[in-house]
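A.B. asks: Letter by letter, the sequence shown follows residues 51 to 212 of my numbering.
Positions of the beta carbon are idealized from the N, C-alpha and C atoms, including for glycine.
Got a structure for you, questions after.
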Amino acid sequence: MVLFLIFIFNYNAVAQCEIKNRVQADGSMLYYFEPEVFYSTKSKSLKINIVTDKEHYFVALQPTPFPDKKTGKKIKDDLIIQLADNNTYKLAHYDTQYRRNDSIMQVLYLIDDKDISAFSNYEAVTAEINMAGTEFVRKYNFKLHKNAIREQLICFLKEEEK
């Protein structure tokens, strides 16, 4: 029984650190995890994951519903995230992308190097996004997978140490 539990624990640890990659149009490589659902209602949802180019770390948001490409490209404001340490962090807008024949919108926000420690130690509580052209500010109180940002960042940092 103990051996079985050890196997399950190790399997979950490995499965949580399943890093994927894709080549960008400019030839650069991005490393990422599958997005986790942080918030979901009948009218809107938000998926989040960590993306890195091995030099910088980004929080990638996939809001639903999302605006059309013309309107979505106007999203330029920073992301405000509150962590469980009761501090708020401002992440600079980096890029807005439409992928898979425009069926997914992804907005990348840069995690400041000085905040990496906080994001790898505390779960996410809320996020505020200015969805330019669609409504004012969307505020999400995270209910699901609050630890996903922290866990994914830890996986990347462990991989970097190797």
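Under 8 Å: do the segment 188-197 and the segment 159-170 share three or more Cβ pairs, one atom per stretch?
C.D. replies: no
A.B. asks: Would you list the one or two residues that DSSP bridges to E178?
C.D. replies: Per DSSP, I130, K189.
A.B. asks: Just the C-alpha distance for S78 and K120, rounded to the nearest angstrom, thanks.
C.D. replies: 25 Å
A.B. asks: When you compare the CB of L80 with every CB in chain C, is at least one pair closer than 9 Å?
C.D. replies: Absent from the structure is chain C; it holds one protein chain and no more.
A.B. asks: For D135, does the three-state DSSP call read helix, strand or coil?
C.D. replies: coil
A.B. asks: According to DSSP, simplified to helix, strand and coil, what is I154?
C.D. replies: strand
A.B. asks: Report yes if the CB atom of L133 is closer than 9 Å to the CB atom of F169, and no otherwise.
C.D. replies: Contact: yes.
A.B. asks: Pop quiz: Y81 and D128 are said to be a contact at Cβ under 8 Å. What is the actual Cβ separation, rounded to whole angstroms?
C.D. replies: At roughly 23 Å, the Cβ-Cβ gap does not stay under 8 Å, so Y81 and D128 are not in contact.
A.B. asks: Assuming I204 is part of the alpha helix (DSSP H), what are its boundary residues?
C.D. replies: 198-211
A.B. asks: If you follow the alpha helix (DSSP H) that I166 is in, where does it begin and where does it stop?
C.D. replies: Membership of I166 in the alpha helix (DSSP H) is indicated by the continuous run 166-169.
A.B. asks: Within a Cβ cutoff of 7 Å, which residues of the same chain sit near V73, ignoring the five residues on either side of it in sequence?
C.D. replies: M79
A.B. asks: Would you tell me roughly how many angstroms separate the C-alpha atoms of K123 and T146, rounded to the nearest one?
C.D. replies: Roughly 6 Å separates the two Cα atoms.
A.B. asks: Tell me where the alpha helix (DSSP H) around N121 begins and ends.
C.D. replies: Reading off the sequence shown, one finds Thr at residue 121, where the question assumed Asn. Segment 119-122, the alpha helix (DSSP H) holding T121.
A.B. asks: Measuring CB to CB, does K104 end up less than 9 Å from E210?
C.D. replies: yes
A.B. asks: On the DSSP bridge list, what partners appear for S93?
C.D. replies: Note: S93 sits in no beta bridge, so no partner.
A.B. asks: Which residues bound the beta strand (DSSP E) around P85?
C.D. replies: Premise fails: P85 is in no beta strand (DSSP E) and is neither H nor E.
A.B. asks: Roughly how many angstroms lie between the CA atoms of I130 and N137, to the nearest whole one?
C.D. replies: 10 Å
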